[in-house]
Amino acid sequence: MIHNILLVAMREFRQITGMRSFWLTLLILPIALAIGPIATKLMGSDKVQHVMLIDPEGREAIAIASRLDSDRQRRILTALSRYAQRYDLDRADPAALWAQHDRLYDDAQITAFVKAGGMPVALATMKRAAKPETPAFDPPEQDFMIVSTPPAIAKADPAALDRLLKPLIQPSEFGDKKAKPLDYAVYIPRGFGTSTTAARLWSSEQPAANFVQSLQSVLTLRVRAAYL
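Per the working numbering, the very first residue in the sequence shown carries number 1; after that it's consecutive.
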């Protein structure tokens with residue numbers, strides 16, 4: 001029985017290897033595996049979402065930008081920690097934040113990480129313990145980028161914002177098929193937190209959860225501070 005099975009298997013193998021498509025697949029597969037990471041890296045730049053902050057007082061815009069940057073630094077620090085743990089780099093500086101694994105870094109630790117030099121200093125320190133075969137660190141992609149607010153929008157009457165922002169949020173509906181849509185526009189009214197006027201958010205698609213959470217954390221903190 002086993003002999004018969006082996007004979008069938010050999011016959012199937014010869015038939016498969018005799019097909020031209022089999023050898024073409026063997027040639028294409030390594031190329032696909034090599035191109036895949038490169039294509040992903042090139043496409044990653046398109047994933048950065050652009051954010052416009054419209055804030056007449058400027059206070060909340062600074063806080064939102066700071067929060068988005070802090071969240072990115074947290075992702076970088078977490079990735080550095082995993083990188084150090086995976087390639088046994090903790091011994092370069094056992095007291096460093098990135099040598100403390102499996103934890104959620106709080107805002108104070110993120111501030112300390114940035115003040116200490118952030119990713120460049122961390123990588124320079126890890127290099128002392130790295131082996132020749134240790135791969136380079138691949139940082140997380142940037143999620144959000146703050147774009148400048150045109151003066152016409154920054155100084156516009158709040159009632160006109162819908163009209164002014166729609167061509168930026170949905171350019172294809174206005175005949176510009178090549179323009180990349182503005183992903184988010186956030187309006188924070190004067191006296192936010194003490195007045196009854198609410199902040200507003202426009203988005204080209206369903207808002208990302210991490211963006212909404214960051215935005216809510218800043219605005220909620222402002223409202224709470226106003227009533228203390």
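From the three backbone atoms N, C-alpha and C, an ideal C-beta is built for every residue, glycine too. If you're wondering where the values come from, they're calculated on a predicted model, not measured in any experiment.
Distance CB(residue i)-CB(residue j) smaller than 9 Å
i, j, result
"Val186", "Met52", "yes"
"Pro94", "Ala154", "no"
"Val48", "Gln170", "no"
"Thr125", "Ala96", "yes"
Where residue i falls: helix, strand or coil (DSSP)
i, result
"Leu201", "strand"
"Gln142", "coil"
"Ile110", "helix"
"Ala95", "coil"
"Tyr105", "coil"
Close-in-space but distant-in-sequence residues of the same chain around residue i (CB under 7 Å, 5 per side omitted)
i, result
"Val223", "Gly193"
"Pro140", "Arg75, Ile76 and Ala79"
Min CB distance residue i to chain C below 9 Å
i, result
"Asp71", "In the displayed structure, chain C is absent; only one protein chain is listed."
Straight-line Cα distance separating residue j from residue i
i, j, result
"Thr197", "Lys166", "21 Å"
"Gln109", "Arg74", "9 Å"
"Leu161", "Ile54", "10 Å"
"Ile211", "Ala99", "Strictly speaking, residue 211 in this sequence is Phe, with Ile absent from that position. Between Phe211 and Ala99, the C-alpha separation is close to 28 Å."
"Ala159", "Leu182", "19 Å"
"Phe144", "Leu68", "7 Å"
"Arg72", "Pro132", "29 Å"
Cut-off 6 Å between Cβ atoms - residues of its own chain near residue i, not counting five sequence neighbours on either side
i, result
"Ala63", "Val218"
"Val147", "His50 and Met52"
"Ala129", "Leu89, Arg91 and Ala92"
"Thr149", "Met52 and Ile54"
Close beta carbons around residue i, own chain, < 8 Å, minus the five adjacent residues each side
i, result
"Ser195", "Pro189"
"Leu164", "Ala152, Ile153 and Ala156"
Segment contact flag, the segment 97–105 with the segment 68–85, C-beta cutoff 8 Å, min 3 pairs: Inter-segment contact for the segment 97–105 and the segment 68–85 is present: three or more beta-carbon pairs are separated by less than 8 Å.
- prompt: Is it true that the segment 121–136 meets the segment 156–175, where meeting means three or more beta-carbon pairs spaced less than 8 Å apart?
  reply: With a cut-off of 8 Å, the segment 156–175 and the segment 121–136 do not count as touching, because too few Cβ pairs lie within range.
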